[in-house]
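*Asks:* Chains as they are written, first to last, in our numbering: chain A, 6 to 143; chain B, 2 to 81.
(1) Taking C-alpha atoms, which residue in B/58, B/48 and B/57 lies nearest to residue 81 of chain A?
(2) Per DSSP, what kind of secondary structure is residue 12 of chain A in: helix, strand or coil?
(3) Starting from the C-beta of residue 5 of chain B, find all residues in its chain whose C-beta is less than 6 Å away, skip the five residues before and the five after it, and write them out in chain order.
(4) Could you tell me which of A/30, A/15 and A/71 sits nearest to residue 36 of chain B, measuring between CA atoms?
(5) List in chain order: all unbroken alpha helix (DSSP H) runs of 4+ residues lying wholly within the stretch 17 to 84 of chain A.
(6) For chain B, find out if any of its Cβ atoms is closer than 8 Å to the Cβ of residue 122 of chain A; answer yes or no.
(7) DSSP on residue 93 of chain A, reduced to helix/strand/coil?
(8) Can you tell me whether DSSP reads residue 140 of chain A as helix, strand or coil?
(9) Looking only at DSSP bridge pairs, what is residue 134 of chain A linked to?
(10) Tell me, please, whether the CB atom of residue 6 of chain A is closer than 8 Å to any CB atom in chain B?
(11) Quick test of the definition: if touching needs 3 or more C-beta pairs under 8 Å, does the stretch 90 to 101 of chain A touch the stretch 44 to 62 of chain B?
(12) In angstroms with no decimal places, state the Cα-to-Cα distance between residue 85 of chain B and residue 76 of chain A.
(13) If the cut is a Cβ gap below 7 Å, which residues of chain B does residue 133 of chain A touch?
(14) Tell me whether the beta-carbon of residue 79 of chain A lies closer than 8 Å to the beta-carbon of residue 45 of chain B.
(15) How about residue 76 of chain B: is its C-beta nearer than 8 Å to some C-beta of chain A?
(16) Of all Cβ atoms in chain A, is any one closer than 8 Å to the Cβ of residue 30 of chain B?
(17) Quick one: give me the first and last residue of the alpha helix (DSSP H) that residue 39 of chain B is part of.
(18) Quick one: what does DSSP say residue 129 of chain A is sitting in, helix, strand or coil?
(19) Tell me the DSSP secondary structure of residue 86 of chain A in three-state form.
(20) From what residue to what residue does the alpha helix (DSSP H) around residue 74 of chain B run?
What follows is the structure in structure tokens.
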């Protein structure tokens, strides 16, 4: 379990006051002492070790992409689908009986009555009906 | 001037592609939850959503009252 520290770095605040590793073992303390001298005598591995003591992640690591959006969108779709189940329950237990005017038979007769009256004959319903062939226009 | 900016932009593009390659090969060492299960969660969530909504739209008797044009055959109404 890492100790609680005051280290918090982000893209907009990349260099906090506290280093990432506050508690150093003997080897790391020796390295910090060596850092006080000339940096030309530090090997590449030592420089990397010093960087890792100071910072948690490099900018490349900090800015990496992730696949979090897949989990997020998957859960979004899941709950949207759950809403469909709620609507199913509503249809079974809440919806009233279908009015007689919405039954198929009534709608067919209503349609015939509108066509007899030639309702909206210019651009509307009756204009889409072929009166000679007695079918819908193609 | 144009050649200068074109070369500068090309250098930027090349470097970022190398960075993408190294990032992809490095970050896969430790996979988080989204790397392991993200595709499954997304696919199953989408499938559940699509199936559920198609089902309630078509199968449970909701009246959408769509246009009769091309759909309903008229029937005699004043035959009494």
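All residues carry an ideal CB built from backbone N, CA and C; glycine is no exception.
Computed from a prediction, not measured in an experiment: that's the story for all the values here.
*Replies:* Taking the geometry as given:
(1) As a working mapping, residue 81 of chain A is identified with position 76 in the first chain. Considering only B/58, B/48 and B/57, the residue with the shortest C-alpha distance to residue 81 of chain A is B/48.
(2) Sequence index remark: in the first chain, residue 12 of chain A carries index 7 (1-based). Of the three classes helix, strand and coil, the one that applies to residue 12 of chain A here is coil, per DSSP.
(3) Taking the second chain and counting its residues from 1, one reaches residue 5 of chain B at position 4. There are no such residues.
(4) Here residue 36 of chain B refers to the residue found at position 35 when the second chain is read from its first residue. Taking residue 36 of chain B as reference, the option from A/30, A/15 and A/71 with the minimal CA-CA separation is A/71.
(5) If only uninterrupted alpha helix (DSSP H) runs of at least 4 residues are considered, those enclosed by the stretch 17 to 84 of chain A are 31 to 40, 49 to 59 and 64 to 67.
(6) Within the first chain, the letter at position 117 stands for residue 122 of chain A. No, residue 122 of chain A lies away from the interface with chain B (no Cβ there is under 8 Å from its Cβ).
(7) Looking up residue 93 of chain A in the first chain gives position 88. In this structure, residue 93 of chain A counts as helix in the three-state DSSP scheme.
(8) Taking the first chain and counting its residues from 1, the one referred to as residue 140 of chain A is at position 135. Reduced to three states, the DSSP call for residue 140 of chain A is strand.
(9) As a position in the first chain, residue 134 of chain A is number 129, starting the count at 1. Residue pairing by DSSP places residue 134 of chain A opposite A/141 in a beta bridge.
(10) The residue labelled residue 6 of chain A in the question sits at position 1 within the first chain. Note that residue 6 of chain A has pLDDT 49, beneath the 50 cutoff, so the model's placement of it is unreliable and no number is given.
(11) With a cut-off of 8 Å, the stretch 44 to 62 of chain B and the stretch 90 to 101 of chain A count as touching, because enough Cβ pairs lie within range.
(12) Look at the range of chain B in this structure, 2 to 81, and you will see that residue 85 of chain B is not part of it.
(13) As a position in the first chain, residue 133 of chain A is number 128, starting the count at 1. For a Cβ distance threshold of 7 Å, residue set 70 of chain B lies close to residue 133 of chain A, ordered along the chain.
(14) The sequence position of residue 79 of chain A within the first chain is 74, counting from 1. The sequence position of residue 45 of chain B within the second chain is 44, counting from 1. Their beta carbons are under 8 Å apart, which means residue 79 of chain A touches residue 45 of chain B by this criterion.
(15) Position 75 of the second chain holds residue 76 of chain B. It does: the Cβ of residue 76 of chain B has a partner Cβ on chain A nearer than 8 Å.
(16) In the second chain, counting from the first residue as 1, residue 30 of chain B sits at position 29. With respect to chain A, the C-beta atom of residue 30 of chain B has no partner C-beta closer than 8 Å.
(17) Walking along the second chain from the start, residue 39 of chain B turns up at place 38. Counting along the chain, the alpha helix (DSSP H) containing residue 39 of chain B begins and ends at 34 to 59.
(18) Along the first chain, one-based indexing puts residue 129 of chain A at 124. In the three-state DSSP reduction, residue 129 of chain A falls in the coil class, being neither helix nor strand.
(19) Start at 1 with the first residue of the first chain, and residue 86 of chain A comes out as number 81. DSSP places residue 86 of chain A in helix when its eight states are reduced to three.
(20) Working through the second chain from its first residue, we reach residue 74 of chain B at position 73. Annotation for residue 74 of chain B: no alpha helix (DSSP H) segment contains it, and DSSP assigns it neither H nor E.
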